[in-house]
Amino acid sequence: MLFYEINRAHIIHYVRDPTNQSNSVYQEFYDRVKEIIEEQSPRPVDIVEHNEKVTDFSTMLRTVLDIIQSEHAESSSTGEQCEIYVNISSGGSEYAAAAAIASMMVPGTIPFSVGTKEYTVDAEGIRQNYFVGGKPVGLTKTTYDPRQLPSYSIQIPEERLVRGLRVLDERNSKKLSVTSGKMIAALKEENIWYRDTENGDPNRKSSQRQTEAVYYQRDFIGKWLSNGWVEKDDLNSRYVLTNEGRNIIATFYTG
1 MLFYEINRAH
11 IIHYVRDPTN
21 QSNSVYQEFY
31 DRVKEIIEEQ
41 SPRPVDIVEH
51 NEKVTDFSTM
61 LRTVLDIIQS
71 EHAESSSTGE
81 QCEIYVNISS
91 GGSEYAAAAA
101 IASMMVPGTI
111 PFSVGTKEYT
121 VDAEGIRQNY
131 FVGGKPVGLT
141 KTTYDPRQLP
151 SYSIQIPEER
161 LVRGLRVLDE
171 RNSKKLSVTS
181 GKMIAALKEE
191 NIWYRDTENG
201 DPNRKSSQRQ
211 TEAVYYQRDF
221 IGKWLSNGWV
231 EKDDLNSRYV
241 LTNEGRNIIA
251 TFYTG
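If you're matching positions, the sequence shown starts at 1 in our numbering and goes up one per residue.
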């Protein structure tokens with residue numbers, strides 16, 4: 001909240017029956033979170049409550065998607081830029097999975113996680129509360145049968161784009177030239193270049209280089225830019241990786 005300087009917070013929680021005294025503890029957690037935001041935020045924050053079943057994956061996916069899309073639609077109608085941050089580490093496993101998927105489905109959404117620095121239960125408290133009969137059990141004592149989740153296809157990045165991006169990053173880190181000609185040669189050496197542009201006629205080498213430069217811009221630079229993986233460093237006249245680009249090369253096709 002303070003870190004991202006938000007002006008609106010969507011809080012998802014679930015109370016099946018607010019009039020039932022046994023369910024009031026969950027409402028108390030929501031009320032306390034709301035109090036913390038109101039007390040600690042240096043600016044007014046619009047708090048939007050969503051009472052939805054947090055243990056239902058499809059419900060969570062729909063809810064998070066609706067929130068993200070409604071925020072984007074509102075910002076578009078006013079002509080303002082809107083940064084949407086989604087905390088995927090808050091809540092149960094169904095919410096976490098749905099929030100991560102929803103964030104990846106809508107471009108411009110920023111998922112983040114928050115690690116725990118200190119717990120409210122110490123080591124002795126863990127033994128008292130999470131052990132049964134002297135054996136570790138955890139917070140969950142018994143479970144329902146497994147429920148299969150709906151599957152959603154998320155396309156992984158194209159291999160040659162990722163491997164080519166890694167070549168660009170390595171050459172940048174070594175202060176090597178990343179001109180079209182040098183990059184094309186490096187891509188060929190790594191068997192990433194896939195266009196059949198070789199011409200055996202020495203009199204047409206200039207034409208070949210021009211053709212390859214066009215393909216390099218179209219097949220690599222253009223797609224890297226559209227994906228948000230690189231940006232132009234005008235000072236040094238070269239393309240450099242963004243944080244998103246670094247995440248991509250650290251995650252995919254690392255072998």
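Ideal placement from N, C-alpha and C gives every residue a C-beta, glycine not left out.
Item	Value
Please classify Val-15: does DSSP put it in a helix, a strand, or coil?	coil
Give the DSSP-derived three-state secondary structure of Lys-232 in the structure shown.	strand
Please state if the CB of Leu-187 and the CB of Val-167 are separated by a distance shorter than 8 Å.	yes
Quick check on the burial criterion: 16 or more other C-beta atoms within 10 angstroms. Buried or exposed for Leu-165?	buried
Can you tell which of Asn-51, Glu-52, Glu-35 and Asp-233 has its C-alpha closest to the C-alpha of Pro-44?	Glu-35
By Cβ distance below 7 Å, which residues in the same chain neighbour Asp-169 in space, the five residues on each side in sequence not counted?	Leu-241 and Ile-249
So, helix, strand or coil for Leu-65, using DSSP?	helix
Within the continuous alpha helix (DSSP H) that includes Asp-169, where are the two ends?	159-173
Shortest alpha-carbon distance to Glu-52 belongs to which of His-13, Leu-235 and Gln-128?	His-13
Looking at C-alpha atoms only, which residue of Lys-117, Leu-139 and Val-54 is the closest neighbour of Gly-92?	Val-54
On the CB-based measure, 16 or more other CB atoms within 10 Å of its CB, does Glu-118 come out buried or exposed?	exposed
Helix, strand or coil: how does DSSP classify Ser-84 here?	Reading the sequence as shown, one finds Ile at residue 84 and not Ser. The answer is strand: DSSP assigns Ile-84 an E or B state.
Going by beta carbon distance, what residues of the same chain come within less than 7 Å of Val-33, once the five residues before and after it are set aside?	Ile-11
Span of the alpha helix (DSSP H) holding Arg-32?	24-40
Okay, do the segment 107-115 and the segment 81-95 touch, 3+ Cβ pairs below 8 Å being the bar?	yes
Excluding the five sequence neighbours on either side, which residues of its own chain have a C-beta within less than 6 Å of the C-beta of Tyr-216, listed in chain order?	Ser-180 and Ile-184
For Tyr-130, report the span of its beta strand (DSSP E) as first-last.	Counting along the chain, Tyr-130 falls outside any beta strand (DSSP E), though it belongs to the alpha helix (DSSP H) covering 123-130.
Where does Glu-39 land, buried or exposed, given buried means 16+ other C-beta within 10 angstroms?	exposed
Could you please give the first and the last residue of the uninterrupted alpha helix (DSSP H) stretch that includes Thr-251?	243-251
According to DSSP, is Asp-196 part of a helix, a strand, or is it coil?	coil
Between which two residues does the beta strand (DSSP E) holding Ile-47 run?	46-51
Decide if Thr-143 is buried, meaning its Cβ has at least 16 other Cβ atoms within 10 Å, or exposed.	exposed
So the candidates are Cys-82, Gly-79 and Leu-149; which of them puts its Cα closest to the Cα of Ala-98?	Leu-149
Are Arg-238 and Ile-192 close, meaning C-beta to C-beta below 8 Å?	no
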